[in-house]
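Since the structure comes first, as structure tokens, the remarks are kept for the end.
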Amino acid sequence: MPELPEVEIVKQSLQKAAKFKKINRVLVNNRNLRFKIDNKFENNIKNKRITEVKRFAKFLIIKLDKKNFLLIHFGMSGTLHIIRKNQKKYHTNLSFYHSQELPKKHNHIEFVFSNFKLIYNDPRRFGFMRYFSNYIKLKNYLNKYGPEPLSKNFNISYLKKNISKREKNIKNILIDQYIVSGIGNIYASEILFYCKINPQKKGSELKVKSFERIIKFSKYVLNRAILKGGSSIKNFKNIELKSGYYQNEFKVYGKDNQQCSNAKCKFKVKKVFISNRSTFYCKNCQK
DNA sequence: AAGAGGCCCTGATAGC
DNA sequence: TGCTATCAGGGCCTCT
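With positions in the first sequence counted from 1, the corresponding number in the working numbering is that position plus 646.
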């Protein structure tokens with residue numbers, strides 16, 4: 647589900663709600679997430695205090711007492727919900743589904759604090775959690791991924807080195823976490839629209855001008871999405887507060903057969919499948 | 001070594 | 001109504 651901006655929003659709200667709070671108990675209702683939750687998981691986490699909440703790409707990183715870390719990836723359908731004591735309804739800030747009540751199914755993991763619970767829900771179970779006993783191990787795990795688009799390492803020389811020899815299309819390059827990490831299927835289409843690059847174009851066909859645009863608009867789109875509270879493409883009837891309005895600014899994603907948002911362009915947005923994933927673009931504006 | 005494709009899952013919706 | 005097919009914000013593994 648969430649790409650970089652959505653995980654950033656979860657990070658921010660979790661920071662507010664749970665920083666310095668102690669996890670008294672951990673309940674695992676279903677160990678079969680993307681990777682099996684091992685039997686030591688509960689003991690590794692419980693009775694520790696959250697000292698910091700961070701994010702790398704689409705990973706939520708929860709720093710615990712004793713310099714331990716809990717890494718959470720939300721996959722396609724993972725969400726975190728907070729339920730406060732004596733409160734049936736729950737806070738929607740951590741959720742991108744914006745349902746009003748806690749889902750009845752797929753509440754796989756619960757973190758119990760003194761005044762509230764954090765519940766990890768994930769219907770498709772493509773998400774996962776992993777415990778790291780120290781920073782080095784966490785770092786080694788994350789090292790295999792490419793830089794975030796928001797980082798200084800995502801620059802012209804990096805793109806020249808890592809894209810210009812690639813024979814695969816730029817859309818697939820942008821969602822390849824080993825090249826650049828944090829961009830997913832929605833934002834890839836959005837970014838390429840701003841860049842005026844056809845998603846099917848090969849990395850090796852791109853010129854420096856295109857690299858400059860990719861760097862500029864990756865940052866622009868992701869930062870703007872964070873500012874708007876991320877994107878919620880399901881159940882947004884009940885959106886409240888600042889959560890999830892970026893879908894209102896989509897230029898191409900989900901807009902097949904609709905007029906191109908460029909006022910001077912008469913073409914319609916086209917939907918194609920690239921490696922089985924839906925991709926949206928304007929063939930007139932994106933060359 | 002890089003790239004394409006399959007697969008892991010459930011749920012919502014479209015179409016008959 | 002009830003069936004089936006398709007698609008969904010991801011990423012790992014295997015094969016070529």
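Think of the CB as a built atom: it goes at the ideal place given N, C-alpha and C, for glycine as much as any other residue.
Being a predicted model, the structure only gives us computed values, none of them experimental.
**OP:** Rounded to whole angstroms, what's the CA-CA distance from ASN801 to LYS807? Just pull it up for me.
**Re:** Numbered from its first residue, the first sequence carries residue 801 at position 155. Numbered from its first residue, the first sequence carries residue 807 at position 161. Going from the Cα of ASN801 to the Cα of LYS807 covers about 10 Å.
**OP:** Classify GLU886 as helix, strand or coil using the three-state DSSP reduction.
**Re:** Taking the first residue of the first sequence as position 1, residue 886 is located at position 240. Low confidence applies here, because GLU886 scores a pLDDT of 39, under 50, leaving its location unreliable; read the following figure in that light. In the structure shown, GLU886 sits in coil (DSSP, three-state: anything other than H, G, I, E or B).
**OP:** Ignore the nearest five residues each way along the sequence and tell me which others in CYS841's own chain have a CB closer than 7 Å to its CB.
**Re:** Taking the first sequence and counting its residues from 1, one reaches residue 841 at position 195. Around CYS841: SER856, ARG859, ILE860, PHE863.
Original post:
Is the segment 892-900 in contact with the segment 821-837, if contact means three or more CB pairs nearer than 8 Å?
Top reply: yes
Original post:
DSSP state of GLU706, grouped into three classes?
Top reply: Along the first sequence, one-based indexing puts residue 706 at 60. In the sequence under discussion, the amino acid at residue 706 is Leu, which differs from the Glu named in the question. Looking at LEU706 - three-state DSSP - the assignment turns out to be strand.
Subject >> Same chain only: Cβ atoms within 6 Å of LYS668, ignoring 5 sequence neighbours per side >> reply: Your numbering for residue 668 matches position 22 in the first sequence. If we look at LYS668 and ignore the five residues flanking it on each side, its Cβ neighbours are ARG695.
**OP:** Mind listing, in chain order, the continuous beta strand (DSSP E) runs of no fewer than 3 residues lying wholly within the segment 779-858?
**Re:** none
**OP:** Give the secondary structure of ASN869 by DSSP, where H, G and I count as helix, E and B as strand, and everything else as coil.
**Re:** As a working note, residue 869 is residue 223 in the first sequence. Here ASN869 sits in helix by DSSP.
Original post:
How big is the Cα-Cα spacing for GLN624 and PHE919?
Top reply: With the chain represented from 647 up to 933, any question about residue 624 goes unanswered, as that position is not in the structure.
**OP:** Can you give me the start and stop residues for the alpha helix (DSSP H) that ILE691 sits inside?
**Re:** Counting from 1 along the first sequence, the entry for residue 691 is found at position 45. That run of the alpha helix (DSSP H) goes 687-691.
Subject >> Beta-bridge partners of ARG942, as assigned by DSSP >> reply: Outside the shown range of the chain (647 to 933) lies residue 942, about which nothing can therefore be said.
**OP:** Excluding the 5 residues preceding and the 5 following ASN930 in the sequence, name in chain order all residues of the same chain whose CB lies nearer than 6 Å to its CB.
**Re:** Translated into positions along the first sequence, residue 930 becomes position 284. Cβ neighbours of ASN930 beyond the five flanking positions: CYS911, PHE913.
**OP:** Give the DSSP-derived three-state secondary structure of HIS744 in the structure shown.
**Re:** Residue 744 sits at position 98 when you count from the first residue of the first sequence. Legend: pLDDT at HIS744 = 41, less than 50; position of this residue unreliable, value from coordinates given subsequently. Correct three-state label for HIS744: coil.
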